[in-house]
Amino acid sequence: MFQVRTQLDEQCNRHLEDKKFEMYYHLLVKTNETTNLTRITDIDEVYYRHFYDSIILTKYLDLKHKTILDVGAGAGFPSLPLKIVEPSLQVTIVDSLGKRISFLQDLVEALELTNVELIHGRAEELNTKNSYDFVVSRAVARFQILAELTLPFVKPGGYLVAYKSIQYEEELAEAKNGIAVLGGEIERVESYSVSNEETHVLIFIKKIKPTSPNYPRNFGRMKKQPL
Ligand code: SAM
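Residue numbers (the numbering used here): 60 to 286.
Below is the structure:
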């Protein structure tokens with residue numbers, strides 16, 4: 060059993076008691092013996108740095124019956140913990156690593172999660188532009204690149220939510236122009252703790268108009284000529 064960090068959000072702590080998180084933990088750690096999924100395997104660290112860190116978004120957004128795209132979910136973070144907490148959420152995951160997608164297939168089956176679409180591919184090749192209520196992404200790229208990989212898929216009125224470390228200011232400033240070009244507007248930044256020593260942030264970018272069909276460009280262009 061994980062050790063509850065009582066100084067953190069009570070409701071999120073309560074969500075972690077769901078048996079599905081225990082099953083998730085065991086399958087993650089077992090698969091991690093043969094497939095590289097996470098550097099963190101200690102139970103308290105997985106519960107707080109992966110599960111709690113993912114579900115904190117439920118404090119800020121109502122996810123009921125919403126559609127969400129998770130770009131580069133890796134071992135499922137943050138969208139699958141969000142799905143456990145809000146079962147009516149419709150999740151699409153895109154990840155370029157086949158081994159991670161196959162772990163996610165096993166996980167979705169084991170936890171009997173419905174309405175989860177798993178796509179093995181690159182985000183910039185998706186053709187579902189301007190269509191998701193929310194796009195989320197954690198630990199995938201610097202903001203300037205991340206904005207182009209994610210914002211084109213948010214529908215007008217929806218949000219991109221980027222999970223970042225507390226040192227986010229410089230990369231957000233760098234991405235400002237690109238966010239505007241892609242039809243977004245920086246709305247707010249919320250900070251939260253995952254332990255006594257660690258603070259993370261959620262950056263909310265509102266989609267105020269549809270993204271031009273010219274974006275996202277291929278990854279080479281994005282890197283060479285960032286917006
Ligand atoms: N989001 C997870 C987390 O926070 O633990 C995984 C982070 S992992 C460091 C980054 C993941 O993004 C990898 O699984 C990688 O395959 C995926 N990725 C990177 N660029 C991508 C792209 N352009 N399209 C889809 N997946 C991508």
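Backbone N, C-alpha and C define an ideal beta-carbon position, used for all residues, glycine too.
Length of the line joining the Cα atoms of residue i and residue j
i: Lys-158; j: Asn-91; result: 11 Å
i: Ile-204; j: Ile-238; result: 10 Å
i: Phe-278; j: Ile-115; result: 30 Å
i: Arg-64; j: Ser-271; result: 45 Å
i: Lys-125; j: Asn-273; result: 26 Å
i: Thr-117; j: Leu-141; result: 7 Å
i: Leu-75; j: Ile-262; result: 23 Å
i: Pro-146; j: Met-281; result: 35 Å
i: Lys-223; j: Val-260; result: 5 Å
i: Gln-62; j: Ala-132; result: 26 Å
Residue burial classification, residue i (beta-carbon count within 10 angstroms, cutoff 16)
i: Gly-216; result: exposed
i: Lys-268; result: exposed
i: Ala-182; result: buried
i: His-85; result: exposed
i: Glu-207; result: buried
i: Thr-209; result: buried
i: Lys-79; result: buried
i: Ala-134; result: buried
i: Lys-266; result: buried
Assigned secondary structure, residue i (DSSP; H/G/I helix, E/B strand, else coil)
i: Phe-202; result: helix
i: Leu-261; result: strand
i: Pro-215; result: strand
i: Thr-209; result: helix
i: Tyr-316; result: Outside the modelled stretch of the chain, which goes from 60 to 286, sits residue 316, for which no answer is possible.
i: Thr-187; result: coil
i: Gly-133; result: coil
i: Thr-100; result: coil
i: Tyr-126; result: The displayed chain sequence assigns Thr, not Tyr, to residue 126. It is a strand residue.
i: Ile-143; result: helix
i: Ile-238; result: helix
i: Glu-256; result: coil
Residues bridged to residue i (per DSSP)
i: Ala-221; result: Ser-196, Ile-262
i: His-179; result: Asp-154
Item to check | Meets three-Cβ-pair contact criterion under 8 Å: the segment 135-155 and the segment 229-247 | outcome: no
Checklist entry - Between the segment 163-171 and the segment 189-200, are three or more C-beta pairs nearer than 8 Å? => result By the Cβ rule, the segment 163-171 does not count as touching the segment 189-200, because fewer than three pairs are nearer than 8 Å.
Checklist entry - Counting Cβ pairs closer than 8 Å, one from the segment 97-109 and one from the segment 172-184, do we hit at least three? => result no
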